[in-house]
Structures are given as structure tokens and as C-alpha cells.
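Data first, discussion second: the structure below is written as C-alpha cells.
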Amino acid sequence: MVMTLEAASPYGPRVVGDPIQPPGRTRAVPAGQPGQTLNDPEQDMDSAEIEAFLTLAEELHFTRTAERLGLAQSRVSRLISSLERKVGGPLFERTSRKVALTPLGSRLRDRSAPAWAELEAAFADARRTARSAGGTLRLGWPVTASGPAVARLVDVFTSRCPDCQLVIHDVPVTDLYGPLHRGEIDVMAYWLAGYDPGLTAGPVLEYRDRVLAVGRGHRLARQESVSVEDLAYEQTHNGGQVPARLFDVLVPPVTPAGRPVQRTYPWLSFEQVPVLIATGQIVHPTMVGVQAFQRDDIVLVPIRDLPPIPFGLIWRASHENARIRALAAAACRIGPRAAPPDGGSVPAAEAAARQP
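So the sequence shown is numbered by our numbering: it starts at 26 and just counts up by one.
Right, here's the structure in full:
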């Protein structure tokens, strides 16, 4: 290997690309590796020391400083002594009668006090923002999830949080979780099943029973109910851009007996699905309450062996704030008081829905 040396450094030749290393403490490193200068931990600034220094600079009295900070006087003395060692000189003159700033202490106070005040103000502002439900909250849902439950949620939330502006967004069926991941909305109302990693499932607003949407002339249209096994003899669509995790919950890939479900018809758009159902080209497992399938030429037949789907709130775990928590609290007020009809929890309902 060819190494280029640079002799212009006041610390001697070095390999180009390596950091210049002024004289200082170094640690032992394995042979063949360049030495690394360590930051001296004794020189690191401690916020507790700065706070104690600025308080003492104002009070000029150790006892009053300790009382303001809620510390023992000995602790304040140790913090000041530690800071003086790091600075490299005395910051206070201490006598039996008084405490006074040295010229070095006055200089440090004048330079650090405005920065400390700005830091405290920034922290207080961030704390208020995190705890305040005021501001704007963006709530979205796809057309397949609209219904009375969302309308009730909006009414309850706006009455409980008048200082928060609730902005409603449409979520495209072809990009269900994209608006959440991109930060275009804060919360989505949707099925609490098969959602992307990194998203949090919040309170359940309601449980939707599973039904099979078929055309009025279809052989199953007159049945009181159908089984998942019936799907093995019918064709449904392939889900298109619906996330695979979610689609497997909504339309199982195989029946409990192990027969494959024919999820083969090309998905062109959600708007075409009702037409394909009504004309008998496909059947479509769905939930009660989806407005697109409430038509005279479509029959919704209960699926007796699929558990209800929980419908509720989803948001990004890393973006949770007071407004989202307030919306979740409103959802808890109007949500179901009972467990899912199968007696399980939301994850259990999802797991049951995934069973082949």
C-alpha cells in the first residue's frame, strides 16, 4: 500500500486522510492502527455545574444557592470546585464573610448566562408543545373505512378539544400507509390488522363483521351464510397495491382445509371492484359497512368462520404527541366496551384472521 505523507503539520508527518492529532492523552491501540486522541472526560461541561455556577453567581451565597437548587450545600461546593478545575482557574473568591465573582467568573457568567436562558426556554417550549393538545391534527381514512364510527369520533374530539383544529384527509386505497410514513397525516382510521411495522395500533372504535360480497345472481347470494371453504371455488382479485400483510388478513390465501383461494383476477382500481362483483366476475370478502358495496345488485353474505375485524386508530409510534393522545382518549369514550366477539384481544383477532 502506498501512503502519502504530509510534512506541513506542526505535529510531524501524517497519513493524508487521518485527523491531525495534537499532543495529548492517547490510548493504547493494536499494532498497525493509528493512535486516537481521547477527549478528557474531566474537561466535559456538565449542565448541573453550569446551573450551580449561574445560581451562585446570582445569589453569592452557598446556602441560598443550595436551597434554590434543592441540593445539599456540600454538593453545590463540589459542583463549583469541579467546574473551576475544568476551567482552569477560580471563579469565586470565598471568605468567611462573602462570596464574590472573580474576573474569570464574571467573564464566564456574562458569556454563559444568555445561552443557558435560551436553552431553558427551548426546553420549556418543547415541553409545552409535547403536552399541549392545541394546534392542528390531521386525520385520514380511505373510502373503504368511512362510516358512523368516524363521524362520532370527530364530533367527540372537536367538542373535547376546541383548541385543536382537526383536518380531514382522504387516504388512497392504493397507498394506504404512505401518508402516515411520509408525515402527510398524523393518524389514520382503519382496520387494526396487518399494518406496517413502526405503526402503533390505538383504541378500537368498533368491530366489523366479515361478509362476502357477491352479485345478486350468484349461486351464494341466497345463502344465510358462507364458509371460508367456499372461497376455494370462487375467484377474487389479487389485491393490487394493497399491502400483502393486510391483504392476507382480509382475503386469506388458503382455507382452513388447506385449499388455495383463487386471488387471481387483476386489480385495476377499487372503483371497478363493485362492478366486477355485481356482474359475477369475482366475489370479494369484505366487512359490514363498506359503502361501496351497499348496492341493489350486490348481496352481502355473512362469513361465519372469520372473526370480526377491529376498526380503530393507527399512527406512527415515533410521532405520538398530546394531540394524538387526546384523539385516542376520545376514541376510548365511544369505542366498544366489550372484547371482540371471539373473546380475544385485537392482536388475537388479527392472528385468528391470519389462520389458514
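Think of the CB as a built atom: it goes at the ideal place given N, C-alpha and C, for glycine as much as any other residue.
Rounded to whole angstroms, what's the CA-CA distance from residue i to residue j? Just pull it up for me.
| i | j | result |
| --- | --- | --- |
| P361 | A238 | 25 Å |
| P173 | V179 | 10 Å |
| Q61 | R132 | In this predicted model, Q61 has a pLDDT of only 42, less than 50, meaning its place in the structure is not dependable; the value taken from the coordinates is given anyway. Distance between the alpha carbons of Q61 and R132 is about 33 Å. |
| V298 | M312 | 14 Å |
| H309 | C186 | 39 Å |
| A23 | E83 | In this structure the chain extends from 26 to 381, so residue 23 is not present and cannot be described. |
| K123 | F117 | 10 Å |
| Y258 | I307 | 11 Å |
| E416 | F148 | Residue coverage of the chain in this structure runs from 26 to 381, which leaves residue 416 outside it and unanswerable. |
| I210 | V175 | 16 Å |
| R358 | A351 | 11 Å |
| A342 | L245 | 42 Å |
| G240 | I302 | 5 Å |
| A355 | A282 | 42 Å |
| Y202 | A146 | 36 Å |
| R152 | G305 | 58 Å |
| G95 | A347 | 30 Å |
| S137 | E76 | 10 Å |
| T120 | M70 | 26 Å |
| G208 | P268 | 19 Å |
| S184 | H194 | 20 Å |
| F318 | D188 | 37 Å |
Cutting at 7 Å between CB atoms, please list the residues of its own chain near residue i, excluding the five before and the five after it.
| i | result |
| --- | --- |
| T289 | Q260 and N263 |
| G130 | A82, L116 and F117 |
| W166 | V175, V196, M213, A214 and Y215 |
| E74 | L104, S107 and L108 |
| V181 | A355, R358 and I359 |
| T15 | This structure cannot speak to residue 15, because the chain is shown only from 26 to 381. |
Can you name, in chain order, every residue of its own chain whose Cβ lies under 8 Å from the Cβ of residue i, other than the five neighbours on each side?
| i | result |
| --- | --- |
| A97 | A91 |
| V192 | T161, L162, R163 and L164 |
| Q316 | V168, S171 and G172 |
| L126 | A82, L85, L116, F117, E118 and R134 |
| I323 | A238, V239, G240, R241, P299, I302 and A303 |
| A353 | G227, P228 and L338 |
| V251 | L237, L245, V326, P327, I328 and R329 |
| Q190 | G160, T161 and L162 |
| E345 | T225 |
May I ask which residues mark the beginning and end of the beta strand (DSSP E) holding residue i?
| i | result |
| --- | --- |
| T120 | First-last for T120: undefined, no H or E at that position. |
| L104 | Note, L104: premise wrong, no beta strand (DSSP E); alpha helix (DSSP H) at Q98 to V112. |
| A226 | L224 to R233 |
| G360 | Looking at the DSSP string, G360 is not in any beta strand (DSSP E), and its letter there is neither H nor E. |
| L191 | C189 to D195 |
| A214 | V212 to W216 |
| T161 | G160 to W166 |
| T183 | T183 -> not in any beta strand (DSSP E); alpha helix (DSSP H) instead, spanning P173 to R185. |
| R341 | I334 to R341 |
Could you tell me whether the Cβ atoms of residue i and residue j are closer together than 9 Å?
| i | j | result |
| --- | --- | --- |
| D221 | R177 | no |
| V101 | L79 | no |
| A214 | P335 | no |
| V253 | L325 | no |
| I349 | L224 | no |
Should residue i go down as buried or exposed, given a rule of 16 or more other Cβ atoms within 10 Å for buried?
| i | result |
| --- | --- |
| L256 | buried |
| L293 | exposed |
| H388 | Residue numbering for the chain in the displayed model covers 26 to 381; residue 388 lies beyond these limits and cannot be assessed. |
| G113 | exposed |
| E231 | buried |
| L144 | exposed |
| D321 | exposed |
| P228 | buried |
| A140 | exposed |
| P277 | buried |
| D273 | buried |
Cutting at 6 Å between CB atoms, please list the residues of its own chain near residue i, excluding the five before and the five after it.
| i | result |
| --- | --- |
| D234 | V313 and P333 |
| R93 | T80 |
| T199 | Q266 |
At what residues does the alpha helix (DSSP H) containing residue i begin and finish?
| i | result |
| --- | --- |
| L293 | First-last for L293: undefined, no H or E at that position. |
| A91 | F87 to L94 |
| L325 | Unbroken run through L325 is the beta strand (DSSP E), I323 to P327; no alpha helix (DSSP H). |
| G203 | G203 to H206 |
| T304 | Here T304 belongs to no alpha helix (DSSP H), and DSSP marks it neither H nor E. |
| T261 | Element bounds for T261: not the alpha helix (DSSP H) but the beta strand (DSSP E), Q260 to H262. |
| F272 | A269 to L275 |
| F78 | S72 to E84 |
Confirm the yes/no value for this check: CB of residue i, any heavy atom of the ligand MN, distance under 8 Å.
| i | result |
| --- | --- |
| S137 | Inclusion of the ligand MN in the displayed structure is not the case, the ligand content being empty and no account of it being possible. |
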